[in-house]
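Participant:
Residue numbers (this note's numbering): 162 to 408.
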């Protein structure tokens, strides 16, 4: 059987595969996580100069999808251009790319941290040490998913790796800072969820009226800054007066 020109499988050696998904997207897939730098290099190579008819480029852990308008772009031409740019996108580390830094103030105090004590006990740490560890590193936003504006943040110290809750909560409040597995994350909206909550930020993470609507984007460097309950209340009040939120 002749090979399908629209399907190129990925290899264990790191060569990405290419799949045409329907009539409006092309997906580039890696067999293994290539790292944040390689994904960002590929995104930049695909984004500039713009490919005619392409509407969006969506990055995930091991995939990059190119979404296009089939009324404006010939799928075969999009595929050919994606292949050409893929060949020219070299690997790198995320530090090689200029990126935006987002600092989130976080209150790690009750009632905003229902799982902090249990995680500290599980890890054999004091609660203040857990906070120091969580807030003492920079995180890379690998991709957005689950709900609008929810960024999967890579870089959680190994001592804080923890499984999801056995039974998800029916409601997690907006701004809740949580951990699960090797990731940290912040819930932009009230939603059911199974991640373990260790704090809350008063900032709005997602606002459809803003451009971009998400405070955190793929590739961003994210840091957490501990605050107390009084500063949390002040920042909430400032947002209510239109002084806070997405910046």
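Every residue gets a Cβ at the ideal spot worked out from N, C-alpha and C, and that includes glycine.
Note that this is a predicted model, so its numbers are computed, not measured.
Do residue 338 and residue 317 count as a contact pair if the criterion is CB distance below 8 angstroms?
Facilitator: On the chain shown, residue 317 is found 156 positions in, with the first residue counted as 1. On the chain shown, residue 338 is found 177 positions in, with the first residue counted as 1. No, these two residues do not count as a Cβ contact at 8 angstroms.
Participant: Since residue 225 and residue 280 should fall inside the 8 angstroms C-beta cutoff, what is the C-beta to C-beta distance between them, to a whole number of angstroms?
Facilitator: Taking the first residue of the chain shown as 1, we reach residue 225 at position 64. Taking the first residue of the chain shown as 1, we reach residue 280 at position 119. About 33 angstroms separates the two Cβ atoms, so there is no contact after all.
Participant: Expressed to the nearest angstrom, what Euclidean distance is found between the alpha-carbon atoms of residue 244 and residue 220?
Facilitator: The residue given as residue 244 occupies position 83 in the chain shown. The residue given as residue 220 occupies position 59 in the chain shown. Distance between the alpha carbons of residue 244 and residue 220 is about 17 angstroms.
Participant: Under 6 angstroms Cβ to Cβ from residue 262, same chain only, skipping five residues before and after it: list those, please.
Facilitator: Here residue 262 is taken as the residue at index 101 of the chain shown, counted from 1. These residues qualify, in order along the chain: 382.
Participant: What's the call for residue 197, buried or exposed, on a 16-neighbour Cβ count within 10 Å?
Facilitator: In the chain shown, the residue the question calls residue 197 occupies position 36. It counts as buried.
Participant: Could you give the residue range of the alpha helix (DSSP H) that holds residue 218?
Facilitator: The count along the chain shown starts at 1 and reaches residue 218 at position 57. DSSP places residue 218 outside any alpha helix (DSSP H); the residue lies instead in the beta strand (DSSP E), whose first and last residues are 215-220.
Participant: Would you call the stretch 391-401 in contact with the stretch 301-319, where contact means no fewer than 3 C-beta pairs closer than 8 angstroms?
Facilitator: no
Participant: Determine whether the Cβ of residue 200 lies closer than 8 angstroms to any Cβ atom of chain B.
Facilitator: Among the chains in the structure shown there is no chain B, since it carries only a single protein chain.
Participant: Extract the residue ranges of the beta strand (DSSP E) inside the stretch 229-285, only unbroken runs of 3 or more that lie entirely within it.
Facilitator: 262-268
Participant: Mind the definition here: the stretch 276-292 touches the stretch 373-380 only if three or more C-beta pairs lie below 8 angstroms; say whether that holds.
Facilitator: In short, these stretches do not touch, since the Cβ pair count stays below three.
Participant: From residue 356 to residue 324, what distance separates their C-alpha atoms?
Facilitator: In the chain shown, residue 356 corresponds to position 195, counting from 1. In the chain shown, residue 324 corresponds to position 163, counting from 1. For residue 356 and residue 324, the distance between alpha carbons rounds to 8 angstroms.
Participant: Where does the unbroken alpha helix (DSSP H) through residue 396 begin, and where does it stop?
Facilitator: Taking the first residue of the chain shown as position 1, residue 396 is located at position 235. Note, residue 396: alpha helix (DSSP H), 390-401.
Participant: Under the DSSP definition of a beta bridge, which residues are partnered with residue 387?
Facilitator: Within the chain shown, numbered from 1, the residue matching residue 387 stands at position 226. According to DSSP, which records beta bridges pairwise, residue 387 is partnered with 267.
Participant: Please tell me whether residue 385 and residue 296 are closer than 8 angstroms, where the distance is taken between their beta carbons.
Facilitator: Indexing the chain shown from 1 puts residue 385 at position 224. Indexing the chain shown from 1 puts residue 296 at position 135. Cβ distance < 8 angstroms, so residue 385 and residue 296 count as in contact.
Participant: Between residue 322 and residue 203, what straight-line distance do the alpha-carbon atoms span, to the nearest angstrom?
Facilitator: The sequence position of residue 322 within the chain shown is 161, counting from 1. The sequence position of residue 203 within the chain shown is 42, counting from 1. Going by the C-alpha atoms only, they are around 29 angstroms apart.
Participant: On the criterion of 16 or more Cβ atoms from any shown chain inside 10 Å, does residue 399 qualify as buried, or is it exposed?
Facilitator: Taking the first residue of the chain shown as 1, we reach residue 399 at position 238. That one is exposed.
Participant: Distance check for residue 347 and residue 293, CA to CA, integer angstroms please.
Facilitator: The residue given as residue 293 occupies position 132 in the chain shown. The residue given as residue 347 occupies position 186 in the chain shown. Taking the straight line from one Cα to the other gives about 18 angstroms.
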